[in-house]
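Engineer: One structure, as structure tokens, below. Some questions next.
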């Protein structure tokens, strides 16, 4: 169990749209390639959404269940319960003892994993096709029959607390990141850490987990993604025979979350920690997500992130790393994959004796120059090609494909969202990029984080 | 009605403990003055707590009802509902038409007011003693019989929205203050504005108001304070005859709010607004309130606020305003009156061409000097005397007395809290002040706000 335990329980960071939508070109071309089976979807009577991604290159199947519930759906004061429940989902059901499901997967040489984000919680197994029915039976079983007892629940709380210690408390960048994120989302629940605030984690109970489970773990709030050496017909038969028997346990309906007031001030957070080996600088802007953006703002932000600092030819790389050599690392990225709003971030690690203030000015000059003088068609073309081409490398990964579909569907998107992505990215113009740079890269929409090695008052 | 409407509906800012506990010395000495009737309290069978503050100098009575429910008790996403309900409490009951209560008070030359904070909502009338029964009858009636219709509720929403526009949106300092407060309280509901976030106010309904009313407006969650030309016996008879008939409508129990994680980063917010006529600087620290503090930390913070910047002889005044003349106004204050944690703030308005950065350095030097070199016994004595003496001036105000008792009791304190305050303040030592300065005036516990006149990117 230890081996499995270590591999499992990953809290995914907000996955970049580059990853989420990354294989879109693949999906796109695959659908259009004669002879290649199409990606298809259907719904069971109980509301479970099913996506089938045929991939016959190897006798392997990826099986994933995505629940449209993450840390941002937690009740106030119960931070961490979404992730805690993810752990507790391995504690057995009315008919299956704790650990049996994991042991069976392991026995046939399969892999399993689970992860929680602000928007979803997902469970997956990578297995041989003949084990698919077994895995579906187990996964469907724990969708409605989970049993929690204090004997299994309380020790697991120590596991998540230890996980917090390792991921956050022992990592100065993560400590500062929590505060900066809470400042960027000063009202929206994205401001709370996925793993939970420690003092609230300490008070989480079995009943809290069951309440979250009973509210959100129901077929009509889940997406089943099966990728690999399967056919749609086969999946349809198996899904009906397993998940089809799970009753609708709740009606969570459309997600209702508080929304964030428009940002008005340039915010900053400075954190000193003796454990910091090199100082670093980061500025995150509040921007729309793919799910929320108007027009092609999200696609344009993806292009902007590449032009500004997402490639070796990007401006930050050219100016800051290669040019004045003020940073050893610097760049920018857009995390467009979320149900509500997203972030656009720029970061830098100063070289040698360069101060954070000097590096900040250098980066700010690059941003100001881009906003003032715009971008070129050549830059847009190069960024678009890079975005689309990079993703082609993902097509070999069945898991990445399955993950992309699961994530996009869990965050309000559709299969079309994915299939049309390359087309939409290709339609981004110079003016689009300049517009989003001007509208969103405003200091008044941002939090700047300064991570410093000394301790001061 | 317009006249009354204009006077009413005040959102109280966090009242300083100087005001809340201000008349404590009065209460203290009054109780000990032979022949002076004592302040007393009792409880009705339905749980209503009653405080009687006899004051026979004039034929005037102050009648106040305090509900232990404020903006920090609102459900997530319903910001502003506590204050909205305050407005709606004037819209009539099953037997009393809208406006009748206010008209009656006005008819007899009385005054009325109401206010909402993060911790409580209070209603008061100042009247002639013969009108007390009438006022108690009306106030008891609207404790359980409020009737809301869309015809009265919806237009009032425009009133609170207009109030927000006037108080916040037309005031750059208030706009920045909202953001800074949300950064200081990044998890606790004190981070949300009492008046509400505009986008949430726009969606508040009659049902939201009724839900808040039904949850919190019940005798066992209220404090009745009657000060003035009354006797305890008289109040007891009247209270039983009026409020005594109100049933326990709910059991709100002990307040449960999420608590704030320990602050770790020095935070800042910079806001530019064309309407700013002079720039200003403010730093607010997260500190314990009187209700929450261990030992005499709260009393010591009150003394510290005077020594640092609460009097003409204070260090900030001497150094910054009179000394290097870098500010036209500067000072510090401790807002210790709240149910959960509080804030300690230092502010400054630079003189002429002095920059905010220069002023900040000057003020930071004063703070650093105090922390490094401590304070003197003479400073502590002077501050204590000032704190206690200042409050003596409050004793003439019956309303201030009533308000102090109502606020302290609504925020978790007792009559003893008030009566023992001068004694506890007198016990604060040099070491106590130095300890709280060292423990709490850490930049990592603070948000610094920069309000600037220009508009920039």
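Residue numbers (our numbering), protein chains in the order written: chain A, 895 to 1351; chain B, 895 to 1351.
Glycine included, C-beta positions come from ideal geometry on N, C-alpha and C.
Based on Cα-Cα distance, which residue from A:1246, A:1332 and A:1299 lies nearest to residue 1269 of chain A?
Structural biologist: Taking the first chain and counting its residues from 1, the one referred to as residue 1269 of chain A is at position 375. Looking at the Cα atoms, A:1332 is the closest of the given residues.
Engineer: Output, in chain order, the set of chain B residues within a Cβ distance shorter than 8 angstroms of residue 1054 of chain A.
Structural biologist: As a first step, residue 1054 of chain A is located in the first chain; it is residue number 160 there, counting from the start. Near residue 1054 of chain A there are no residues of chain B at all, since even the closest Cβ is about 16 angstroms away, more than 8 angstroms.
Engineer: Indicate the three-state DSSP secondary structure (helix, strand or coil) for residue 1274 of chain A in the structure shown.
Structural biologist: Residue 1274 of chain A sits at position 380 when you count from the first residue of the first chain. Reduced to three states, the DSSP call for residue 1274 of chain A is helix.
Engineer: Going by beta-carbon coordinates alone, are residue 1185 of chain B and residue 1232 of chain B separated by less than 8 angstroms?
Structural biologist: For the purposes of this step, residue 1185 of chain B is identified with residue 291 of the second chain, where counting begins at 1. For the purposes of this step, residue 1232 of chain B is identified with residue 338 of the second chain, where counting begins at 1. Against a cut-off of 8 angstroms, the Cβ pair of residue 1232 of chain B and residue 1185 of chain B comes out as a contact.
Engineer: In the DSSP assignment, what residue or residues form a beta bridge with residue 1007 of chain A?
Structural biologist: The residue you call residue 1007 of chain A lines up with position 113 of the first chain. For residue 1007 of chain A, which the question treats as bridged, DSSP gives the partners A:1018.
Engineer: Which residues mark the beginning and the end of the alpha helix (DSSP H) in which residue 936 of chain B is found?
Structural biologist: As a first step, residue 936 of chain B must be located in the second chain, where it is residue number 42. Taken as a continuous stretch (DSSP letters only), residue 936 of chain B belongs to no alpha helix (DSSP H), being part of the beta strand (DSSP E) at 934-937.
Engineer: Alpha carbon to alpha carbon, what distance is there between residue 1257 of chain B and residue 1203 of chain B?
Structural biologist: Start at 1 with the first residue of the second chain, and residue 1203 of chain B comes out as number 309. Start at 1 with the first residue of the second chain, and residue 1257 of chain B comes out as number 363. When rounded, the distance between both Cα atoms is 10 angstroms.
Engineer: Any idea what DSSP makes of residue 1305 of chain B, helix, strand or coil?
Structural biologist: Against the second chain, residue 1305 of chain B aligns to sequence position 411. Coil.
Engineer: Using 8 angstroms as the threshold, is the C-beta distance between residue 1161 of chain B and residue 1077 of chain A below it?
Structural biologist: Numbered from 1 along the second chain, position 267 holds the residue referred to as residue 1161 of chain B. Numbered from 1 along the first chain, position 183 holds the residue referred to as residue 1077 of chain A. It is a contact, given that the beta carbons lie within the stated cut-off.
Engineer: Compute the Euclidean distance between the alpha carbons of residue 1262 of chain A and residue 1348 of chain A, then round it to the nearest angstrom.
Structural biologist: As a first step, residue 1262 of chain A is located in the first chain; it is residue number 368 there, counting from the start. As a first step, residue 1348 of chain A is located in the first chain; it is residue number 454 there, counting from the start. Roughly 30 angstroms between the two C-alpha positions.
Engineer: For residue 999 of chain A, count neighbouring C-beta atoms within 10 Å of its own C-beta (all shown protein chains included) and say buried if the count is 16 or more, exposed if not.
Structural biologist: Mapped onto the first chain, residue 999 of chain A falls at position 105. By the neighbour-count rule (16 or more Cβ atoms within 10 Å), residue 999 of chain A is buried.
Engineer: List, in order along the chain, the chain B residues whose C-beta lies closer than 8 angstroms to that of residue 1158 of chain A?
Structural biologist: Translated into the one-based positions of the first chain, residue 1158 of chain A becomes position 264. Those within 8 angstroms of residue 1158 of chain A in chain B are 1069, 1070, 1073 and 1165.
Engineer: Could you pull out every residue in the same chain whose Cβ sits closer than 6 angstroms to the Cβ of residue 1177 of chain B, ignoring the five residues on either side in sequence?
Structural biologist: Taking the second chain and counting its residues from 1, the one referred to as residue 1177 of chain B is at position 283. Cβ neighbours of residue 1177 of chain B beyond the five flanking positions: 1240, 1340 and 1342.
Engineer: Excluding the 5 residues flanking residue 1174 of chain A on each side, which residues of the same chain have their C-beta closer than 6 angstroms to its C-beta?
Structural biologist: Position 280 of the first chain, counted from the start, is the residue given in the question as residue 1174 of chain A. Cβ neighbours of residue 1174 of chain A beyond the five flanking positions: 1243 and 1345.
Engineer: In terms of alpha-carbon separation, which member of A:954, A:1125, A:1163 and A:1157 lies closest to residue 1082 of chain A?
Structural biologist: Counting from 1 along the first chain, the entry for residue 1082 of chain A is found at position 188. Nearest C-alpha to residue 1082 of chain A: A:1157.
Engineer: Check the Cβ of residue 1086 of chain B against every Cβ in chain A and list those closer than 8 angstroms, keeping chain order.
Structural biologist: Taking the first residue of the second chain as position 1, residue 1086 of chain B is located at position 192. Going along chain A in sequence order, the residues near residue 1086 of chain B (Cβ under 8 angstroms) are 1081.
Engineer: Using a C-beta to C-beta distance shorter than 7 angstroms, which residues of chain A count as neighbours of residue 1153 of chain B?
Structural biologist: Counted from its first residue, the second chain places residue 1153 of chain B at position 259. Chain A residues near residue 1153 of chain B: 1093.
Engineer: Please classify residue 1058 of chain A: is it buried, with 16 or more other beta-carbons within 10 angstroms of its beta-carbon, or exposed?
Structural biologist: Counting from 1 along the first chain, the entry for residue 1058 of chain A is found at position 164. Result: buried.
Engineer: Is it right to say residue 1312 of chain A is buried, meaning 16 or more other beta carbons lie within 10 angstroms of its own, or is it exposed?
Structural biologist: Within the first chain, the letter at position 418 stands for residue 1312 of chain A. Buried.
Engineer: With residue 1133 of chain A and residue 944 of chain A assumed to form a contact (beta carbons below 8 angstroms), what rounded beta-carbon distance in angstroms separates them?
Structural biologist: Here residue 1133 of chain A is taken as the residue at index 239 of the first chain, counted from 1. Here residue 944 of chain A is taken as the residue at index 50 of the first chain, counted from 1. The pair is a contact, with the Cβ atoms about 5 angstroms apart (cut-off 8 angstroms).
Engineer: Determine the closest residue to residue 1046 of chain A out of A:1327, A:1138, A:1103 and A:1200, with distance taken between C-alpha atoms.
Structural biologist: The count along the first chain starts at 1 and reaches residue 1046 of chain A at position 152. Of the candidates A:1327, A:1138, A:1103 and A:1200, the one whose C-alpha sits nearest the C-alpha of residue 1046 of chain A is A:1103.
Engineer: If you measure from the beta carbon of residue 971 of chain B to each beta carbon in chain A, is any gap under 8 angstroms?
Structural biologist: As a working mapping, residue 971 of chain B is identified with position 77 in the second chain. Closer than 8 angstroms: yes.
Engineer: Could you pull out every unbroken alpha helix (DSSP H) segment of at least 4 residues lying fully inside the region 1022-1092 of chain B, listed in chain order?
Structural biologist: Within the region 1022-1092 of chain B, the complete alpha helix (DSSP H) runs of at least 4 residues are 1026-1038, 1044-1058 and 1066-1078.
Engineer: Please determine if the region 936-950 of chain A and the region 1136-1147 of chain A are in contact, where contact requires at least 3 C-beta pairs separated by less than 8 angstroms.
Structural biologist: The region 936-950 of chain A is in contact with the region 1136-1147 of chain A.
Engineer: Quick one, are the C-beta atoms of residue 1018 of chain A and residue 1001 of chain A less than 8 angstroms apart?
Structural biologist: For this step, residue 1018 of chain A is matched to residue 124 along the first chain. For this step, residue 1001 of chain A is matched to residue 107 along the first chain. No.
Engineer: Does residue 1168 of chain A come out as helix, strand or coil in the three-state DSSP assignment?
Structural biologist: Translated into the one-based positions of the first chain, residue 1168 of chain A becomes position 274. In this structure, residue 1168 of chain A counts as coil in the three-state DSSP scheme.
Engineer: Please go through the same chain and pick out, in chain order, the residues whose beta-carbon is closer than 8 angstroms to the beta-carbon of residue 1188 of chain B, but skip the five residues on each side of it.
Structural biologist: Along the second chain, one-based indexing puts residue 1188 of chain B at 294. So the list reads 1182, once near-sequence residues are dropped.
Engineer: Quick check on this structure: which residue in B:1282, B:1325, B:1145 and B:980 has the alpha carbon closest to the alpha carbon of residue 1271 of chain B?
Structural biologist: As a first step, residue 1271 of chain B must be located in the second chain, where it is residue number 377. When each option's Cα is compared against that of residue 1271 of chain B, the closest is B:1325.
Engineer: Could you say which of B:961, B:1065 and B:979 lies nearest to residue 1041 of chain B if we only look at CA atoms?
Structural biologist: Counting from 1 along the second chain, the entry for residue 1041 of chain B is found at position 147. Ranking the options by Cα distance to residue 1041 of chain B, first place goes to B:979.
Engineer: Can you name, in chain order, every residue of its own chain whose Cβ lies under 6 angstroms from the Cβ of residue 1084 of chain A, other than the five neighbours on each side?
Structural biologist: Residue numbering aside, residue 1084 of chain A sits at position 190 when the first chain is read from its first letter. Contacts found: 966 and 1012.
Engineer: Classify residue 943 of chain A as helix, strand or coil using the three-state DSSP reduction.
Structural biologist: If you number the first chain from 1, residue 943 of chain A lands on position 49. The answer is strand: DSSP assigns residue 943 of chain A an E or B state.
Engineer: Please classify residue 948 of chain B: does DSSP put it in a helix, a strand, or coil?
Structural biologist: Stepping through the second chain from its first residue, residue 948 of chain B is reached at position 54. Strand at residue 948 of chain B.
Engineer: With DSSP as the reference, label residue 966 of chain A as helix, strand or coil.
Structural biologist: Start at 1 with the first residue of the first chain, and residue 966 of chain A comes out as number 72. Here residue 966 of chain A sits in helix by DSSP.
Engineer: Can you tell which of A:1063, A:954, A:1230 and A:1004 has its C-alpha closest to the C-alpha of residue 1196 of chain A?
Structural biologist: Indexing the first chain from 1 puts residue 1196 of chain A at position 302. Selected option, being the one with the closest Cα: A:1230.
Engineer: Any beta-carbon of chain A closer than 8 angstroms to the one on residue 1077 of chain B?
Structural biologist: What you label residue 1077 of chain B is simply residue 183 of the second chain in a count that begins at 1. Yes, residue 1077 of chain B counts as interfacial toward chain A.
Engineer: On the three-state DSSP scale, how would you describe residue 1186 of chain B?
Structural biologist: Along the second chain, one-based indexing puts residue 1186 of chain B at 292. The answer is coil: DSSP assigns residue 1186 of chain B none of H, G, I, E or B.
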